[in-house]
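Be aware that the sequence shown starts at 1, since it is given in our numbering, and climbs by one per residue.
Positions of the beta carbon are idealized from the N, C-alpha and C atoms, including for glycine.
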Amino acid sequence: MLKRLRLHNFKSFLNFEMDFTSRHLLIGKNNSGKTNLCSAIRFLGATARTDLATAAANCIQGGIPEIQNWNLLGKPIDFKVICELPFEGSTLTYQYDLSLEATGIGKEIGSGEVHLRLIEERLKMEGGGFSNASLLVNDGREAHLLHEESTGKPEGPYTPRTLAPQDATMLSRLYALKTNRRAILFRQFLQSWMYFRLSPDSIRSRWRDAERSGSLYQEDGRHLPSAIFKLKNEDDRRYRRLIQRVKDNVEPDLEAINFLVSPDQGVVPYVTLRGRPRASWAVLSDGTLLALALSQFIEQADAQLDDTGPPPPLMIIEEPENGLYTPVLRELLEDFEKTPVRAQFIFTSHSPNFIDLFDRDLSNVTALKKEDDVTVAMPLVRKKETIERHRGDFSLGELHFKELFA
């Protein structure tokens, strides 16, 4: 689970640091930095899968030219991640530091290319018999990789060296070997970070695009039919639970989601409704499609129970309340909370009704705001006295709407 994130010189963040819980809500005005924070998390996750330029192009609006704070052009862009992951019955604590340099920013448009270069990268770990072990040290030219299996043996740990790429993290280039299982576990965790801004129109009409792309997920949710098809074939119990959850909360006529195999070997979803055995996928309402998507996330997270496999994913879901009735959101959020604690969800919202659902534990809510064009974090537990003073008159969402957290 992601425990803490530090950002410096990334977009609107300077010396920014915040803690996360397993079910965390980000709130704040428009342009306060919520999407920028989501972009930072997405970018970090992508650097474990691909080169830096591709990660920036896919995850940062504007790409490399917009990655850093314009008041600190030419200065390093720093990230620090602290997380806890289960491994063979113990809990490992990781610290990952990544420092990058962007060049060519600030020049006249069209005058030259911009580049992103790795300056330094470090991965440290504690737990499971290791104490402050440096699994990876990369100075941008040469990387030192800890031979994990030799640690603790009489001959001492062995640290081989290798040339390091400058256009990608060394973490993304590691081979999955028995000698670096703990480093690979951390990489798998970063690779599991997913971001969603769900669009009912895309879910309804663009599912074929997702199928042809071969991608496991798409930010707008167009992959949903493929994900449900996979769930139905691999875990019928969870598939039936997904259907029942949506039936109970949104669409009482829903009986099943089935699939036909088309001539090109793709799968075509159709819906079984009460009295309509073969209804089109397109007939489902926006709320039903959103509920199906959120329910699929719940089942995906709930399947990650075994600490011998890949770590449970971290999912960022922006504004999940759009198109859903508040009591339905409440039921779905309770199901999110019932999934294993190791499964982590980060939500953003402007809706007072959705914010109210986090009223029980203020440690799960962080307000972001701009001060002199720089984003700062304010955990709501720091405003507990103010909130308690007004709790009899206003809900948590109403207090946010009235800007009493400023």
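ask   = Just curious, the alpha helix (DSSP H) that R238 is in, first and last residue?
value = Counting from 1 along the sequence shown, the entry for residue 238 is found at position 238. Note, R238: alpha helix (DSSP H), 236–249.
message = Need the endpoints of the alpha helix (DSSP H) that N15 sits in, please.
response = Against the sequence shown, residue 15 aligns to sequence position 15. Here N15 belongs to no alpha helix (DSSP H), and DSSP marks it neither H nor E.
task = Note the first and the last residue of the continuous beta strand (DSSP E) segment covering I298.
result = Along the sequence shown, read from residue 1 onward, the residue named residue 298 stands at position 298. Here I298 belongs to no beta strand (DSSP E); instead the alpha helix (DSSP H) covers 286–302.
Environment of E121 [buried if 16+ CB atoms lie within 10 Å] = On the sequence shown, position 121 is the one that residue 121 refers to. Looking at its Cβ environment, which holds 16 or more other Cβ atoms inside 10 Å, E121 is buried.
query = What residues in its chain sit with their C-beta under 6 Å from that of E398, if we drop five residues either side in the sequence?
reply = Mapped onto the sequence shown, residue 398 falls at position 398. Cβ neighbours of E398 beyond the five flanking positions: P352.
query = Under the DSSP definition of a beta bridge, which residues are partnered with E485?
reply = Residue 485 is absent from the model: the chain starts at 1 and stops at 406.
task = Note the first and the last residue of the continuous beta strand (DSSP E) segment covering F43.
result = To locate residue 43, count along the sequence shown from 1; it is residue 43. Run containing F43: none in the beta strand (DSSP E); it sits in the alpha helix (DSSP H), 34–47.
ask   = Once you ignore the five residues that flank D220 on each side, which residues in its own chain have a CB closer than 7 Å to its CB?
value = Stepping through the sequence shown from its first residue, residue 220 is reached at position 220. These residues qualify, in order along the chain: R197, L198, S199, S202.
query = Are there three or more Cβ pairs, one per stretch, closer than 8 Å when the stretch 323–337 is compared with the stretch 346–361?
reply = yes
message = Taking the alpha-carbon of S349 as reference, which of K11, N9, H24 has the nearest alpha-carbon?
response = Counted from its first residue, the sequence shown places residue 349 at position 349. Closest option to S349, Cα to Cα, is H24.
request  = Throw me the rounded Cβ distance for the M170 and C83 pair, which I believe falls under 8 Å.
outcome  = Residue mapping note: residue 170 aligns to position 170 of the sequence shown, counting from 1. Residue mapping note: residue 83 aligns to position 83 of the sequence shown, counting from 1. Rounded, the Cβ-Cβ distance is 18 Å, inconsistent with contact.
request  = May I have the straight-line CA-CA distance separating L52 from I317, to the nearest angstrom?
outcome  = In the sequence shown, counting from the first residue as 1, residue 52 sits at position 52. In the sequence shown, counting from the first residue as 1, residue 317 sits at position 317. C-alpha separation (whole angstroms): 23 Å.
task = Using three-state DSSP, classify I67 as helix, strand or coil.
result = For the purposes of this step, residue 67 is taken as residue 67 along the sequence shown, with counting starting at 1. Three-state DSSP puts I67 in coil, outside helix and strand.
query = What three-state label does DSSP hand N258 in the structure shown?
reply = Here residue 258 corresponds to residue number 258 of the sequence shown, with the count starting at 1. Correct three-state label for N258: strand.
DSSP three-state assignment for R122, whether helix, strand or coil = Your numbering for residue 122 matches position 122 in the sequence shown. Correct three-state label for R122: strand.
Closest residue to F79 among P165, Q191, A40, V250 (Cα-Cα distance) = One-based indexing of the sequence shown puts residue 79 at position 79. Taking only the C-alpha atoms, the option nearest F79 is A40.
Rounded Cβ spacing between E149 and K178 (contact assumed at less than 8 Å) = As a position in the sequence shown, residue 149 is number 149, starting the count at 1. As a position in the sequence shown, residue 178 is number 178, starting the count at 1. E149 to K178, Cβ: 6 Å. Contact.
query = Is L404 closer than 7 Å to K384 when the C-beta atoms are compared?
reply = What you label residue 384 is simply residue 384 of the sequence shown in a count that begins at 1. What you label residue 404 is simply residue 404 of the sequence shown in a count that begins at 1. For K384 and L404, no; Cβs fall outside 7 Å.
key: Cα-Cα separation, N31 to H400   = In the sequence shown, residue 31 corresponds to position 31, counting from 1. In the sequence shown, residue 400 corresponds to position 400, counting from 1. Roughly 16 Å between the two C-alpha positions.
message = Taking 7 Å as the limit between beta carbons, can you name the residues of its chain near E321, skipping five residues before and five after?
response = Looking up residue 321 in the sequence shown gives position 321. Once the five neighbours on either side are set aside, the close Cβ partners of E321 are L329, S349, S351, N353, F354.
task = Within its chain, find whatever has a CB closer than 6 Å to the CB of S111; leave out the 5 residues flanking it on each side and keep chain order.
result = Working through the sequence shown from its first residue, we reach residue 111 at position 111. For S111, the predicted model reports a pLDDT of 46, less than 50, meaning its position is unreliable and no value from the coordinates is stated.
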